[in-house]
Each structure stands twice: as C-alpha cells, then as structure tokens.
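Residues 260 to 570 (the numbering used here) make up the sequence shown, in order.
Even for Gly, the Cβ is constructed at its ideal location relative to N, Cα and C.
Here's the structure we're looking at; comments come further down.
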Amino acid sequence: MSKRTLVTGGAGFIGSHLCERLLDDGHEVLCVDNFFTGTRANIAHLLANPSFEVMRHDVCFPLYVEVDEIYNLACPASPVHYQHDPVQTTKTSVHGAINMLGLAKRLRAKILQASTSEVYGDPAVHPQTEDYAGNVNINGPRACYDEGKRCAETLFFDYHRQHNLSIKVARIFNTYGPRMHPNDGRVVSNFVVQALKGEPITVFGEGNQTRSFCYVSDLVEALVALMNTANEVTGPINLGNPHEITIKQLAEHVVALTNSGSKIDWHPLPQDDPTRRCPDISLAKSKLGWQPTVQLEDGLKETVAYFRDLV
Ligand code: NAD
Ligand code: UDP
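Shown next, in the form of structure tokens:
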C-alpha cells in the first residue's frame with residue numbers, strides 16, 4: 260500500500276538513498292532538510308518525480324504536515340560537522356526529536372529514529388550489543404552528538420510508553436557510499452578523495468582503532484525492514500556490517516583500489532575517538548531477517564567510482 264512518508268535529513272547522504280528507495284517502492288515522499296550538510300545535488304534526480312516533494316525546514320522548529328510514517332534522519336553525522344556548532348547539534352537531536360515525535364503523536368504515525376553507535380561512546384564491551392549502556396564522555400567534544408542522540412532515544416521510549424506511539428530506534432554504525440560529501444570529514448570519503456587526488460592519506464593516531472563499514476544500500480534495506488516490523492518491535496537495534504578493520508588497513512585498501520601514489524600522513528588522534536567499534540547484529544538478523552550483503556571491496560569500488568566523477 261502506498262504511504263505518505265516524511266524523511267527528515269532527506270537531502271543528506273543516507274536520506275537521499277532512502278528517499279530514492281521509498282519512491283521506488285511506490286510511496287509518496289516528503290523530504291525535509293535545512294541543507295546544513297545535505298545538498299540539492301543529492302536529490303536533483305528525484306525532483307521530476309510527482310511523488311517527491313522537498314521542503315526547506317529546520318527540525319528544531321515545529322512542522323505541520325500530514326504523513327503516515329516518519330524517518331527522522333536530520334542531524335549532521337560527521338564529527339567535523341557536528342562539532343562545528345555543537346549547540347545546534349544538540350538542539351537538532353533533542354528539539355528535532357521532540358518536534359517530530361509531537362508530529363507523530365498528532366498523526367498517530369509510525370516514527371523511526373536514526374540513532375547511532377556513538378551512544379556506546381568508547382565501548383568497553385566488544386562487539387557492541389544493544390543492552391550495553393555505553394561509555395560516553397558527558398562533556399567532551401563528541402558529547403553534543405552522543406548525548407543528543409542518547410536523549411533522543413530517551414524521548415522516543417518515553418513517547419512510546421506515555422503516548423503509546425509506534426517507534427523504531429535504529430542504532431546505525433559507520434555507513435559509507437556514493438553521495439557522502441567530499442568535504443564531509445569522515446574517514447571513507449576523506450581517504451578516497453585524498454587517494455584520487457594523490458594527496459597524503461590523513462590517518463589519525465596510529466591507525467589501530469577499528470570501525471566496521473556498512474554499504475549504504477544494505478543500511479537502507481535495514482531501515483525499511485525495521486519500519487515495516489510489527490508494533491512490538493521498537494529497537495533499539497544495531498544496524499551495520501560486523502566486518503571490522505583498522506583505519507590503517509582501510510587506508511591501505513583505498514590506496515590499492517585507486518592505484519594511488521598517496522602516502523600515509525600521520526596526525527594526532529582526536530579526543531575521545533572510540534578505540535574499537537563493531538556491531539553485534541544478532542537482533543537485526545532475528546527481528547528483521549536482515550544482514551548486510553555488500554562486501555567492503557565492492558562497496559569501496561562504487562564509492563571510488565562516484566568520487567572519481569566528482570573530483
Ligand atoms: P548527512 O550529514 O549526510 O545527512 C544529515 C542531513 O540532515 C543533511 O541533509 C542535513 O542538511 C540535514 N540536517 C541537519 N540538521 C538539520 C536540521 N536542524 N533540520 C533539518 N535538516 C537537518 O549524514 P548521514 O550520514 O546521511 O546521516 C543521516 C542520519 O543517520 C543522521 O541522523 C546520523 O546521525 C545518522 N547516522 C549516520 C551514520 C553514518 O555512518 N552515516 C552513523 C550513525 C548514525
Ligand atoms: N579518521 C582518520 N582520518 C581521517 C578521518 C577519520 O584516521 O581523515 C579516523 C577517525 O579518527 C576515526 C575513524 O577514522 O578513528 C572513523 O572516523 P569518522 O570521522 O569517519 O567516524 P567516527 O566513527 O569516528 O564517528
């Protein structure tokens with residue numbers, strides 16, 4: 260059945276792929292974005308579709324529209340961007356959640372929150388399971404994002420308990436792919452752009468910290484599957500690819516894939532940079548019947564092809 264779907268942050272990296280997927284599934288899509296990190300270019304190919312609508316709006320302010328489902332993705336995701344204006348980042352997460360939950364409550368709409376593996380901070384449990392409460396520095400430079408997202412989760416569960424709202428909380432782990440912003444500052448886009456330009460690859464710390472990278476099509480599949488679960492399934496639920504590698508290995512991989520002459524340039528490790536990160540996705544496997552299918556090598560090839568056209 261065709262639904263009217265709101266995607267906040269729909270002009271961003273993940274949001275634009277999600278809008279595309281929902282349109283392909285035959286839904287009407289309202290993309291709401293303030294274009295802080297998202298771009299018109301990300302959604303330009305969707306504008307001619309009569310089922311697609313774009314609205315410039317900041318989710319920190321109330322929104323009055325009529326929809327059946329809400330995907331709340333609005334929030335800068337790159338540490339460089341979310342630390343640029345930390346107060347605004349917390350406002351986006353917290354006021355944004357309150358406004359979108361208020362909208363969902365009025366409409367009795369299902370609402371999905373794009374939460375994050377950052378709620379685990381620098382985790383002492385590995386791989387991370389959903390019942391782990393995390394290890395977040397309350398007042399460090401990443402706190403605006405981490406605590407903002409944690410508070411948003413709290414709000415989601417309170418609206419669920421207090422107002423019987425149908426909620427879905429996705430804890431998204433590092434996701435990559437085409438339409439990441441070239442100046443986004445995140446590791447995959449940085450390394451690919453640097454390698455393609457023949458510039459030094461900026462590895463922070465000794466490069467022994469790990470991440471587990473999920474290709475964007477896999478992630479979008481999981482978000483849609485989660486939205487379509489029965490009311491009892493609220494999450495939080497980890498969504499990511501459990502293939503864990505070090506940042507140094509990622510750098511070497513990207514250099515090899517691009518046939519680049521770039522050398523590694525070592526930089527200090529940013530404060531509170533998590534040492535290890537890898538999702539336990541048992542819950543996603545059992546509740547959604549989902550697991551990622553795109554190998555890192557294949558996803559990186561697609562990403563390299565995208566940035567090759569761009570730079
Ligand atoms: P992105 O920066 O590309 O997209 C975020 C979008 O939100 C942008 O289009 C931006 O302009 C918009 N936005 C920001 N503040 C807004 C506001 N106040 N009002 C309206 N729009 C606003 O990032 P992304 O990687 O696509 O991330 C999307 C969501 O997924 C975010 O909520 C992020 O926290 C979450 N997430 C992403 C990852 C990842 O690895 N990509 C990991 C964990 C969580
Ligand atoms: N990183 C790096 N070089 C860069 C950008 C990031 O070595 O140019 C490292 C960063 O310190 C972190 C990892 O790569 O350990 C992932 O960083 P990213 O900003 O992509 O996301 P995070 O998972 O830290 O939110």
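Okay, do the segment 506-524 and the segment 351-369 touch, 3+ Cβ pairs below 8 angstroms being the bar?
Counting Cβ pairs under 8 angstroms, fewer than three are found: no touch.
Tell me where the alpha helix (DSSP H) around asparagine 433 begins and ends.
Along the sequence shown, one-based indexing puts residue 433 at 174. Looking at the DSSP string, asparagine 433 is not in any alpha helix (DSSP H), and its letter there is neither H nor E.
beta-carbon proline 309 near ligand 2 non-hydrogen atom, thresh 8 angstroms:
The count along the sequence shown starts at 1 and reaches residue 309 at position 50. It does not: the Cβ of proline 309 is nowhere closer than 8 angstroms to a heavy atom of ligand 2.
Please go through the same chain and pick out, in chain order, the residues whose beta-carbon is closer than 8 angstroms to the beta-carbon of lysine 522, but skip the five residues on each side of it.
Sequence index remark: in the sequence shown, residue 522 carries index 263 (1-based). Once the five neighbours on either side are set aside, the close Cβ partners of lysine 522 are Pro459 and Ile460.
Rank Asp477, Ala484, Ala510 and Val483 by C-alpha distance to the C-alpha of proline 501 and give the top, closest one.
On the sequence shown, position 242 is the one that residue 501 refers to. With distances taken between Cα atoms, proline 501 lies closest to Asp477.
CA nearest to the CA of valine 313, picked from Gly393, Leu555, Leu289 and His276
Numbered from 1 along the sequence shown, position 54 holds the residue referred to as residue 313. Checking every option, the nearest Cα to that of valine 313 belongs to Leu289.
Kindly examine ligand 2 and report whether one of its heavy atoms sits closer than 8 angstroms to the Cβ of glutamate 377.
On the sequence shown, position 118 is the one that residue 377 refers to. Flag set: Cβ of glutamate 377 near ligand 2.
Kindly examine ligand 2 and report whether one of its heavy atoms sits closer than 8 angstroms to the Cβ of serine 545.
Within the sequence shown, residue 545 is the residue found at index 286, counting from 1. No - ligand 2 has no heavy atom lying nearer than 8 angstroms to the Cβ of serine 545.
What does a CB cutoff of less than 7 angstroms around leucine 528 pick up in its chain, not counting 5 residues either side in sequence?
To locate residue 528, count along the sequence shown from 1; it is residue 269. Correct list, in chain order: Phe463 and Gly464.
Using the beta-carbon count (16 or more within 10 Å), is phenylalanine 472 buried or exposed?
Counting from one through the sequence shown, the residue named residue 472 turns up at place 213. With 16 or more other Cβ atoms from the protein chains shown falling within 10 Å of its own Cβ, phenylalanine 472 counts as buried.
Minimum C-alpha distance to serine 559 - residue among Asn487, Leu547, Arg438 and Asn490
Numbered from 1 along the sequence shown, position 300 holds the residue referred to as residue 559. Note that residue 559 is leucine in the sequence shown, not serine. The residue from Asn487, Leu547, Arg438 and Asn490 with its alpha-carbon nearest to that of leucine 559 is Arg438.
Let me know the secondary structure DSSP gives tyrosine 330 once reduced to three states.
By 1-based counting over the sequence shown, the position of residue 330 is 71. Here tyrosine 330 sits in strand by DSSP.
With three or more beta-carbon pairs closer than 8 angstroms as the criterion, would you say the segment 301-310 touches the segment 323-335?
With a cut-off of 8 angstroms, the segment 323-335 and the segment 301-310 do not count as touching, because too few Cβ pairs lie within range.
How about alanine 411 and alanine 356: do their beta carbons lie closer than 9 angstroms?
As a working note, residue 411 is residue 152 in the sequence shown. As a working note, residue 356 is residue 97 in the sequence shown. Taking 9 angstroms as the cut-off, the beta carbon of alanine 411 is found closer than this to the beta carbon of alanine 356.
C-beta atoms of phenylalanine 432 and threonine 375 nearer than 9 angstroms
Position 173 of the sequence shown holds residue 432. Position 116 of the sequence shown holds residue 375. In contact: phenylalanine 432 and threonine 375 (Cβ atoms closer than 9 angstroms).
Give the straight-line distance between the Cα atoms of arginine 470 and glycine 436, rounded to the nearest whole angstrom.
Against the sequence shown, residue 470 aligns to sequence position 211. Against the sequence shown, residue 436 aligns to sequence position 177. Rounded to whole angstroms, the separation of the alpha carbons of glycine 436 and arginine 470 is 15 angstroms.
Name the one or two DSSP bridge partners that histidine 440 has.
Within the sequence shown, numbered from 1, the residue matching residue 440 stands at position 181. The partner list for histidine 440 (beta bridge, DSSP) is empty, contrary to what the question assumes.
Sorted by chain position, which residues of the same chain lie with C-beta nearer than 7 angstroms to lysine 350's C-beta, five sequence neighbours on each side aside?
Taking the sequence shown and counting its residues from 1, one reaches residue 350 at position 91. If the five residues before and after lysine 350 are omitted, its C-beta is found closer than 7 angstroms to the C-beta atoms of Cys319, all from its own chain and listed in chain order.
Burial state of phenylalanine 415, where buried means 16 or more other Cβ atoms lie within 10 Å
Reading the sequence shown from its first residue, position 156 is the one you call residue 415. That one is buried.
Can you tell me the Cα-Cα spacing of threonine 488 and alanine 564, whole angstroms?
Within the sequence shown, the letter at position 229 stands for residue 488. Within the sequence shown, the letter at position 305 stands for residue 564. Answer to the nearest angstrom: the Cα atoms are 34 angstroms apart.
Run through DSSP, which three-state label would cysteine 319 get?
As a position in the sequence shown, residue 319 is number 60, starting the count at 1. Coil, per DSSP.
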